[in-house]
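Colleague: Here's a structure for you.
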């Protein structure tokens, strides 16, 4: 099993609740993404239930929640496309790798690449944005590798452990993503969403 | 009421909702009136009245601006205050573009005083569409720095528009004030 088939994406569902709750309660989640220490476990749980409940299979959802999974390691992380604007054909992407030992692996980059393919090729997005803190280079490097441009730098914008850090606004337009994908066509084909679905179908799992 | 040479700045009243609604309905698209997905919205007058009754407006974070005749000419304020990182979004809207050269100076002086003296914020941010030339010139004149633009963030009038972000830090604001006094 190669790196391209080791992990895959699927829609987040109710059965993932406990793992997602555990991640969201981890201080790392609040450090790298968002959240409030004062929030109780119950409030977090309700938020996740609401979030997963909104994840409709049909229609034009305001957000899409995906999990990264592997047969060997179980749930590894989550990716969401939020603030979807069907008018502007734009959305924001958030990524969280719950499996700490996998944070610097290719798995996260692969999952982001496939999610971007889903956003542009399936949801017909025109633009994907990401808001990433300067102290999280692993995340913004993945976006840059995918062709995203650092459009905004907000100096001293987020407070962590008493220190103010910069925050970056990234934007990826469809043609920029396509250019990167064409440039790396050989490896992109193997890592693609299409290849992932084909692999899951061949191995007896229907991609969801 | 804060009385200046060109404006009266006051807390909003329920009747102001009709004026605010016109800002949404008529005239060009403005960044300050887009929702979190950067989509234009069209609130009803009762919905705007409900917003005016909310804590922020009642506590004096949003203000109505009248011209010297007492007619409403603008809407402004601070919103989304982040006390942890000490920043807020500054909103500045005038019906007439010419007001960004005159009335806006008084309004900005007042709002920046609120942001940096009353709330002791570290910086303020302003969003502007690339078509809001009068607003952008006004911000640059007041020392705001361009932080970047979200390219093709809004689709309107058959074309894509960029959403620009400007920031002003308290230290830069104080330095400008010191050098001009």
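Protein chains in written order, with our numbering: chain A, 1 to 208; chain B, 1001 to 1181. Quick reminder that beta carbons are idealized off the backbone N, C-alpha and C, glycines included. Just so it is clear, the structure is predicted and the values come from calculations on it, not from any experiment.
Since residue 1049 of chain B contacts residue 1017 of chain B with CB under 8 Å, what's their CB separation in whole angstroms?
Modeller: About 4 Å separates the two Cβ atoms, so the contact holds.
Colleague: Roughly how many angstroms lie between the CA atoms of residue 1136 of chain B and residue 1174 of chain B, to the nearest whole one?
Modeller: Answer to the nearest angstrom: the Cα atoms are 21 Å apart.
Colleague: Hey, could you find the ends of the beta strand (DSSP E) residue 78 of chain A is sitting in?
Modeller: Looking at the DSSP string, the run of the beta strand (DSSP E) that includes residue 78 of chain A is 74 to 85.
Colleague: Of all the CB atoms in chain A, is at least one closer than 8 Å to the CB of residue 1155 of chain B?
Modeller: Residue 1155 of chain B counts as touching chain A.
Colleague: Are residue 78 of chain A and residue 152 of chain A touching if we call contact CB-CB under 8 Å?
Modeller: It is not a contact, given that the beta carbons lie outside the stated cut-off.
Colleague: Between residue 91 of chain A and residue 128 of chain A, which are expected to be in contact by the criterion C-beta below 8 Å, what is the C-beta distance as a whole number of angstroms?
Modeller: Confirmed, about 6 Å.
Colleague: Leaving out the 5 sequence neighbours to the left and right, which residues in its chain are closer than 7 Å to residue 1038 of chain B when beta-carbon positions are compared?
Modeller: So the list reads 1153, 1154, 1163, once near-sequence residues are dropped.
Colleague: Please list the terminal residues of the continuous alpha helix (DSSP H) segment that includes residue 1041 of chain B.
Modeller: Element bounds for residue 1041 of chain B: n/a, residue is neither H nor E.
Colleague: Is the Cβ-Cβ distance between residue 112 of chain A and residue 97 of chain A less than 8 Å?
Modeller: In this structure, residue 97 of chain A does not lie closer than 8 Å to residue 112 of chain A by Cβ.
Colleague: Just to confirm before moving on: does the CB-CB distance between residue 1150 of chain B and residue 73 of chain A stay below 8 Å?
Modeller: No, these two residues do not count as a Cβ contact at 8 Å.
Colleague: Can you tell me whether residue 1128 of chain B is helix, strand or coil according to DSSP?
Modeller: Looking at residue 1128 of chain B - three-state DSSP - the assignment turns out to be strand.
Colleague: Do residue 1072 of chain B and residue 1090 of chain B have their beta-carbon atoms positioned less than 8 Å apart in this structure?
Modeller: Cβ atoms of residue 1090 of chain B and residue 1072 of chain B: not closer than 8 Å.
Colleague: Cα separation between residue 1044 of chain B and residue 187 of chain A?
Modeller: C-alpha separation (whole angstroms): 52 Å.
Colleague: Using C-beta distances below 7 Å, list every residue in its chain close to residue 63 of chain A, excluding the 5 sequence neighbours before and after it, in chain order.
Modeller: Once the five neighbours on either side are set aside, the close Cβ partners of residue 63 of chain A are 54, 80, 81, 82, 84.
Colleague: Rounded C-beta distance between residue 1065 of chain B and residue 1032 of chain B? I'm assuming under 8 Å.
Modeller: With 8 Å as the limit, residue 1065 of chain B and residue 1032 of chain B do not qualify as a contact, their Cβ atoms being about 14 Å apart.
Colleague: Per DSSP, which residues does residue 1026 of chain B bridge with? Please list them.
Modeller: The partner list for residue 1026 of chain B (beta bridge, DSSP) is empty, contrary to what the question assumes.
Colleague: Put residue 1156 of chain B into one of helix, strand or coil per three-state DSSP.
Modeller: Here residue 1156 of chain B sits in strand by DSSP.
Colleague: Can you list, in chain order, the residues of its chain whose CB lies under 8 Å from that of residue 1082 of chain B, leaving out five sequence neighbours each side?
Modeller: Taken in chain order, the residues that qualify are 1088.
Colleague: Closer than 9 Å by beta-carbon distance: list the chain B residues that pair up with residue 163 of chain A, in chain order.
Modeller: Those within 9 Å of residue 163 of chain A in chain B number zero; the least Cβ separation is about 11 Å.
Colleague: Can you name the residues of chain B whose CB is closer than 7 Å to the CB of residue 93 of chain A?
Modeller: Within 7 Å Cβ-Cβ: nothing; residue 93 of chain A doesn't reach chain B, min ~14 Å.
Colleague: Against chain A, does residue 1079 of chain B count as a neighbour if the rule is that its beta carbon must be under 8 Å from one of theirs?
Modeller: No, because no Cβ of chain A sits closer than 8 Å to the Cβ of residue 1079 of chain B.
Colleague: Should residue 1155 of chain B be counted as a contact of the ligand ADP given a C-beta to heavy atom distance under 7 Å?
Modeller: Among the components modelled here there is no ligand, and therefore nothing to report on the ligand ADP.
Colleague: Would you call the CB atoms of residue 158 of chain A and residue 1085 of chain B closer than 8 Å?
Modeller: Cβ distance < 8 Å, so residue 158 of chain A and residue 1085 of chain B count as in contact.
Colleague: Taking only three categories from DSSP, how would you classify residue 1083 of chain B?
Modeller: Reduced to three states, the DSSP call for residue 1083 of chain B is coil.
Colleague: Residue 1129 of chain B and residue 1161 of chain B: beta carbons closer than 8 Å?
Modeller: Their beta carbons are under 8 Å apart, which means residue 1129 of chain B touches residue 1161 of chain B by this criterion.
Colleague: Kindly list, in the order they appear in chain B, the residues whose Cβ is closer than 8 Å to that of residue 88 of chain A.
Modeller: Correct list: 1037, 1038, 1039, 1153, 1154, 1155.
Colleague: Tell me where the alpha helix (DSSP H) around residue 211 of chain A begins and ends.
Modeller: Residue coverage of chain A in this structure runs from 1 to 208, which leaves residue 211 of chain A outside it and unanswerable.
Colleague: Residue 1099 of chain B and residue 1074 of chain B look like a contact to me (Cβ under 8 Å); what is the Cβ gap, rounded to whole Å?
Modeller: Indeed, because the Cβ distance is near 6 Å, the residues count as touching under 8 Å.
Colleague: Should residue 147 of chain A be labelled buried (16 or more other beta-carbon atoms within 10 Å of its own) or exposed?
Modeller: Under this definition residue 147 of chain A is a buried residue.
Colleague: Helix, strand or coil for residue 174 of chain A per DSSP?
Modeller: Residue 174 of chain A falls in the helix class under three-state DSSP.
Colleague: Would you please verify whether the beta carbon of residue 30 of chain A is less than 8 Å from any beta carbon of chain E?
Modeller: In the displayed structure, chain E is absent; the protein chains listed are A and B.
Colleague: Could you please give me the residues that DSSP links to residue 91 of chain A through a beta bridge?
Modeller: DSSP lists A:128 as partners of residue 91 of chain A.
Colleague: Does DSSP put residue 1179 of chain B in a helix, a strand or coil?
Modeller: Helix, per DSSP.
Colleague: Listing by chain order, which chain A residues have their CB less than 8 Å from the CB of residue 1122 of chain B?
Modeller: Simply 156, 164.
Colleague: Using a threshold of 8 Å, state whether the C-beta atoms of residue 1076 of chain B and residue 1061 of chain B are closer than that.
Modeller: It is not a contact, given that the beta carbons lie outside the stated cut-off.
Colleague: Here's the rule I'm using: 16 or more other beta-carbon atoms within 10 Å means buried, otherwise exposed. How should residue 1012 of chain B be labelled?
Modeller: It counts as buried.
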